[in-house]
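Numbering (the UniProt record's numbering), first residue to last: 1 to 470. The beta carbon of each residue, even a glycine, is placed where N, CA and C say it ideally should be. Quick caveat, the model's predicted, so the values are computed rather than measured. Below: one structure, written as structure tokens.
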């Protein structure tokens, strides 16, 4: 922490508030025995970070009245501070009034500020760049990032004079409310772009997109119905899925060789990145049935939902698809490959994918059902015209998306810049009449010392024999 502004001091989180969590109520065994959770509305809400991310719009977890009473150490009140300490360490929010009892779920810490600060000041500090660095410094774990409340309590924060804290929090409320409004407007753009792209694909598959083109040529709209199996080349391995279980194990992965293609790469349509996994040539030869060549169409057969589509790029080396991927080598004498790529993203095709999707924990499609899905294709010339129009419209959408992402990044940087300024003491004017934070700290330390029970020493008594002698 750099040099503090005049009147500020450093204070431990321990002095700045009271901290509790779900496991403060008892052992894991006793919690399991005494706490009943349900998806159906009951006595109290078990509040999670997920609820904040969903704007408290419902889909809550509930607990019974007896469970709520058992979790007495982690009851919540409106205005308390929720601090995530597992999964998304440092994510924080002020708890709203949900008009019913609330209790803290696992993976969070309830913070109640002491008299030297406020929940809002703590919230803004933890959300700031320097607060983020502090959380990072106490966070650990491989499978799941987390920190504990003991490590937090030992950490320090910059403490402004109490009146200045109020001015900082009020100013941040005002400025960040405007930023949030701008963010809310920006957040509508992805949904608008998604609807636009789907409307383009719907127009393409219905014939509306090329209606004027047909009229100029005097052509009629015609559809040929193909199954996925029919549009694959007749050569062996033109349509297939990734290898099963033991045929390709993590132990087979190498840092160089022939690349592997995973679901995440199809979903992102980005291949050959720094985290690419490889297999040796012998394994590559063994997995010939699962090879993908540049120009092949790739589809995810697992996901929420499955059905992401990509064309394997021309500048990538031959690869091997992994277990939850489908590859298709299109017979371009029958149907245009680019048209197939667009068509498989349309609602007509995606609705068929949803219909054959099965599974609870993991949604998947099997190859047999996928082969039977249908595509409606006009003449080859019209397919090419459809591709041309779609490409132009999608390029425009991509440009808008890039502008959106750039604007969102600028807005995120602006928020962090404002918060950094606040905790450098530069956001609001200082008042020389404010009581220095050090005095505030001295007072709470004195109060804490007085509230702690004094140690008493037992007076030594002489034993009976000594008394008798006297």
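Helix, strand or coil for residue i per DSSP?
{"i": "residue 177", "result": "helix"}
{"i": "residue 283", "result": "helix"}
{"i": "residue 245", "result": "helix"}
{"i": "residue 150", "result": "helix"}
{"i": "residue 330", "result": "strand"}
{"i": "residue 317", "result": "coil"}
{"i": "residue 3", "result": "coil"}
{"i": "residue 415", "result": "helix"}
{"i": "residue 158", "result": "strand"}
{"i": "residue 12", "result": "strand"}
{"i": "residue 224", "result": "strand"}
{"i": "residue 463", "result": "Its pLDDT being 48, under 50, residue 463 is placed unreliably in this model, and the coordinates cannot settle the point."}
{"i": "residue 423", "result": "coil"}
{"i": "residue 395", "result": "helix"}
{"i": "residue 380", "result": "helix"}
{"i": "residue 75", "result": "strand"}
{"i": "residue 448", "result": "helix"}
{"i": "residue 453", "result": "coil"}
{"i": "residue 373", "result": "coil"}
{"i": "residue 263", "result": "helix"}
{"i": "residue 145", "result": "coil"}
{"i": "residue 358", "result": "strand"}
{"i": "residue 37", "result": "strand"}
{"i": "residue 469", "result": "In this prediction, residue 469 has a pLDDT of 43, which is less than 50 and means its spatial position is unreliable; nothing more can be read from the coordinates."}
{"i": "residue 17", "result": "strand"}
{"i": "residue 278", "result": "strand"}
{"i": "residue 102", "result": "strand"}
{"i": "residue 128", "result": "coil"}
Give the single residue among the options whose Cα lies nearest to the Cα of residue i.
{"i": "residue 267", "options": "278, 291, 324 and 251", "result": "324"}
{"i": "residue 179", "options": "306, 431 and 419", "result": "419"}
{"i": "residue 349", "options": "372, 7 and 428", "result": "372"}
{"i": "residue 322", "options": "408, 416 and 242", "result": "242"}
{"i": "residue 77", "options": "86, 87 and 93", "result": "93"}
{"i": "residue 28", "options": "368, 71 and 182", "result": "71"}
{"i": "residue 86", "options": "142, 99, 57 and 46", "result": "142"}
{"i": "residue 275", "options": "282, 197 and 262", "result": "262"}
{"i": "residue 337", "options": "295, 316 and 429", "result": "295"}
{"i": "residue 271", "options": "312, 347, 247 and 95", "result": "312"}
{"i": "residue 127", "options": "318, 436 and 422", "result": "422"}
{"i": "residue 98", "options": "297, 106, 62 and 186", "result": "62"}
{"i": "residue 8", "options": "168, 370 and 129", "result": "168"}
{"i": "residue 417", "options": "153, 172 and 151", "result": "172"}
{"i": "residue 100", "options": "110, 403 and 75", "result": "75"}
{"i": "residue 106", "options": "58, 59, 45 and 136", "result": "45"}
{"i": "residue 111", "options": "137, 219 and 150", "result": "150"}
{"i": "residue 183", "options": "414, 197 and 447", "result": "414"}
{"i": "residue 175", "options": "297, 192, 52 and 427", "result": "427"}
Please return the same chain residues whose Cβ sits closer than 7 Å to the Cβ of residue i, not counting the five positions on each side in sequence.
{"i": "residue 165", "result": "117, 118 and 121"}
{"i": "residue 390", "result": "200, 204 and 342"}
{"i": "residue 339", "result": "377, 383, 386 and 387"}
{"i": "residue 277", "result": "253 and 260"}
{"i": "residue 256", "result": "278"}
{"i": "residue 129", "result": "416, 419 and 420"}
{"i": "residue 408", "result": "186"}
Since I believe residue j is in contact with residue i (beta carbons under 8 Å), could you give me their beta-carbon distance rounded to a whole number of angstroms?
{"i": "residue 227", "j": "residue 64", "result": "With a Cβ gap of about 52 Å, residue 227 and residue 64 do not count as contacting."}
{"i": "residue 365", "j": "residue 306", "result": "5 Å"}
{"i": "residue 13", "j": "residue 155", "result": "5 Å"}
{"i": "residue 163", "j": "residue 431", "result": "7 Å"}
{"i": "residue 302", "j": "residue 345", "result": "No, residue 302 and residue 345 are not in contact; Cβ-Cβ is about 18 Å, not under 8 Å."}
{"i": "residue 91", "j": "residue 49", "result": "6 Å"}
{"i": "residue 47", "j": "residue 104", "result": "6 Å"}
{"i": "residue 281", "j": "residue 318", "result": "Going by Cβ atoms, the distance from residue 281 to residue 318 rounds to 11 Å, so no, they are not a contact pair."}
If I measure Cβ to Cβ from residue i and keep anything under 6 Å in the same chain, skipping five residues before and after, which residues do I get?
{"i": "residue 139", "result": "89, 145 and 147"}
{"i": "residue 131", "result": "125"}
{"i": "residue 207", "result": "221"}
{"i": "residue 299", "result": "309 and 326"}
{"i": "residue 134", "result": "155"}
{"i": "residue 424", "result": "none"}
{"i": "residue 10", "result": "156"}
{"i": "residue 249", "result": "none"}
{"i": "residue 67", "result": "35 and 36"}
{"i": "residue 237", "result": "289"}
{"i": "residue 224", "result": "377"}
Looking only at its chain, what residues have a beta carbon closer than 8 Å to the beta carbon of residue i, apart from the 5 residues adjacent to it on each side?
{"i": "residue 465", "result": "For residue 465, the pLDDT reaches just 44, beneath the cut-off of 50, and the residue's location in the model is therefore unreliable, leaving the point undetermined."}
Within the present structure, is the beta-carbon of residue i separated from the nearest heavy atom of the ligand MN by less than 7 Å?
{"i": "residue 33", "result": "In the structure shown, the ligand MN is absent, as is every other ligand, since no ligand is present at all."}
Stretch pair the region 111-125 + the region 14-28: three plus CB contacts closer than 8 Å: yes
Counting Cβ pairs, one atom from each stretch, are 3 or more of them under 8 Å apart for the region 20-30 and the region 430-443? no
Would you be able to state if there are at least three C-beta pairs under 8 Å between the region 353-368 and the region 397-408? no
Across the region 36-45 and the region 79-97, are there enough close Cβ pairs to call them in contact, namely three or more that are closer than 8 Å? no
Using a Cβ distance threshold of 8 Å, determine whether the region 327-335 contacts the region 279-287, with at least three qualifying pairs required. no
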